[in-house]
Amino acid sequence: MALERSSGIVLHPTSLPSRGGIGDFGPRAYEFVDFLHAAKQSWWQVLPLGPTGWGDSPYAAVSAFAGNPLLISLEKLADDGWISSERLRYLAEPGPRVDFGAVVAAKIPLVEEAARIFLNKGASSGERWERFQKFCETQKYWLNDYCSAVVLRRRFGGTAWPAWPEEFRRRTPEAMARLAQEDGDSLAVEQAVQFAFDEQWRQLRGYCEARGIRIMGDVAIFVNYDSVDVWTTPEIFDLDENMQPGFVSGVPPDYFSATGQRWGNPLYRWDVLEQRGFDWWVARIRRARELYDLVRLDHFRGFEAYWKIPAAAETAIDGEWVKAPGVPLFTALKNALGDVPFVAEDLGLITQEVTDLRDQFNLPGMKVLQFGFSDRGAHMHLPHRYIPNAVAYTGTHDNDTTIGWWHNAATSNEKTAACAYLQATDENIVWAMIRAAETSVADLCIIPMQDVLELGSESRMNTPSSQIGNWFWRMAPGSLRPELAEKLAALMDVTDRIAAEPQAVNG
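Now the structure itself:
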């Protein structure tokens, strides 16, 4: 996919100021799309949309295919007749952060209540019921297993599959048949919940498309050990006879952490996947293409070589690089799906082999201005070193906000370099960085919403080396001011980042 010269904003839906304690696909999402349109933006970048597990990280989803029920808008469900608006009277008003535990306790029962009402209406729901039937059929390759896992997790007190009774851990035919018989109604509810997610996301994407906004999504390279994917396809993961990982994923010491990052995900049996034609990856990317217009591949370097850490190790220091079959994988994806529109997250320790893999498939890489001022080797992240086939950022969800970086992390040498390069001061550093990214030759420029709003470290989305205190930031109501959209729109005009005109806007 050849990127047009264009611009966008990264804002995860959970950060929207929706009612109910968390951002969702409801009215505030549509207001954000209107803001993007007014600001002459062409892209909305989101983080992975899957259901999260421990730590609430969108990069630690319990399914590589399912959607996060917390993103379902109860207000939209009420508008569509799934639930009475009276049941939503006590939804929490928008606050400055997401309390995930409280949101799960308050919201999931209402979402599942709405799903039961929808199921009870059945065919009287008309075309929506027909879409539900089609959804269950076309998505059954992941949907049924996901729903079984949700029901079993609830049955066994919220524990993940490794702690379930042996017959369910190993999915014996007798145990799974008994589950279908005993919990058929609960399984159907979970199917309806996933359909609600799919319906609302599809409607929101249609609204985006009518306004010239495309979606850039995200695919994490690894999956959680306690995920549905490992439970249902253990043969493609590096597990022992007891279904325990001997080695796990991570990265060696780097900019973010002196001890590296021990992510803890199980590693793939790439030889098994290759023998199977990478079927699981083909299915995963096919699903991503259903959800997104452009797919960011997180930790792209892991497709060339990955950091293998003994599972017993407490840090990522004692690992080793192991080669991965990047060329065969991307060849298989291209043969099965055509030219998939990927962006390679090629940050960190990047070797020539990683660069060659990226370039062989003509994938745009990423440039992050915050990384560009430390020394001469870092100048690859400054605009004078960019190429068109790239995506420029001031910072990503893993960085501090630009104001936070400037006041809390940037060294005196970095500040001197930034001031010389950008003609920046303490007062204008954020917009100096934004202008530098937007005026660069990179085909695509993505700015975090926190930088557009000039927010500090309190609004940081994620600190990679920290296991707690992440992912909770929410945008304050009233942040999407018209003058801010006008400021961005004027910058788009002068930097030629205006994509093709959208079709007529309806509704």
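Under my numbering, residues 39 to 545 are what the sequence shown spells out, in order. Every residue, glycine too, gets a C-beta built ideally from N, C-alpha and C.
Asked                                                                                                                : Found
Sheet register partners of residue 275 (DSSP bridge)                                                                 : 306
Any alpha helix (DSSP H) of 4 or more consecutive residues that is wholly inside the stretch 438-514                 : 440-446, 450-460, 467-477, 487-490
Cβ pair count under 8 Å reaching 3, the stretch 74-86 against the stretch 274-290                                    : no
Residue burial classification, residue 425 (beta-carbon count within 10 angstroms, cutoff 16)                        : exposed
Inter-residue spacing [alpha-carbon to alpha-carbon] between residue 68 and residue 489                              : 21 Å
Nearest residue (CA-CA) to residue 316, options 59, 300, 301, 341                                                    : 341
Residue range of the unbroken alpha helix (DSSP H) whose run includes residue 344                                    : Careful: residue 344 lies outside any alpha helix (DSSP H), inside the beta strand (DSSP E) at 343-348.
Contacting residues, own chain, Cβ-Cβ under 7 Å from residue 545 (five flanking each side not counted)               : In this predicted model, residue 545 has a pLDDT of only 37, less than 50, meaning its place in the structure is not dependable enough to derive any value.
Pairwise C-alpha distance: residue 110 and residue 64                                                                : 8 Å
Residue 436 versus residue 386: straight-line alpha-carbon distance, rounded                                         : 12 Å
First and last residue of the uninterrupted beta strand (DSSP E) at residue 81                                       : 81-83
Per-residue burial, residue 66 [other beta carbons within 10 Å of its own, 16 or more giving buried]                 : buried
Pair within 8 Å by beta-carbon distance, residue 135 and residue 411                                                 : no
The alpha helix (DSSP H) enclosing residue 146, as first and last residue numbers                                    : 138-159
8 Å contact criterion, which residue 105 and residue 235 should meet: CB distance rounded                            : 4 Å
Three-way DSSP call (helix, strand, coil) for residue 177 in this model                                              : coil
Straight-line gap, residue 495 to residue 441 (C-alpha atoms, nearest Å)                                             : 7 Å
Cβ-based neighbour list, residue 542, same chain, cut-off 6 Å, excluding 5 preceding and 5 following                 : In this prediction, residue 542 scores a pLDDT of 43, lower than 50, which makes its location untrustworthy; the coordinate-derived value is nonetheless stated afterwards. The answer is none, since no qualifying residue turns up.
Residue interval of the beta strand (DSSP E) (run including residue 255)                                             : 252-257
Beta-ladder partner(s) of residue 382, from DSSP                                                                     : 335
Cα-Cα separation between residue 262 and residue 384, rounded to whole angstroms                                     : 22 Å
Where the alpha helix (DSSP H) containing residue 372 begins and where it ends                                       : 364-375
Euclidean distance between Cα positions of residue 93 and residue 215                                                : 32 Å
Collapsed DSSP secondary structure at residue 542 in the structure displayed                                         : Any reading at residue 542 must be qualified, since the residue scores a pLDDT of 43, below 50, and its modelled position is unreliable; no value is offered.
Closest residue to residue 354 among 295, 314, 531, 125 (Cα-Cα distance)                                             : 295
Option nearest residue 513 by Cα separation, candidates 42, 421, 132                                                 : 132
Sub-8 Å separation of residue 325 and residue 103 beta-carbons                                                       : yes
Expected contact under 8 Å - CB spacing of residue 535 and residue 457 to nearest Å                                  : Wrong, their Cβ atoms sit about 25 Å apart, outside the cutoff.
C-alpha gap between residue 308 and residue 226, whole angstroms                                                     : 34 Å
Counted within 10 angstroms of its Cβ, other Cβ atoms place residue 532 as buried (16 or more) or exposed            : exposed
Three-state class that DSSP yields for residue 245 in the structure shown                                            : helix
Option nearest residue 129 by Cα separation, candidates 116, 203, 144, 115                                           : 144
Alpha-carbon to alpha-carbon, residue 198 and residue 351                                                            : 22 Å
Presumed contact (8 Å Cβ cut-off) between residue 107 and residue 96, rounded CB distance                            : About 13 Å separates the two Cβ atoms, so there is no contact after all.
Other residues of its chain near residue 205: CB distance less than 6 Å, five sequence neighbours each side excluded : 213
Distance between beta carbons of residue 378 and residue 323, contact taken as under 8 Å                             : 6 Å
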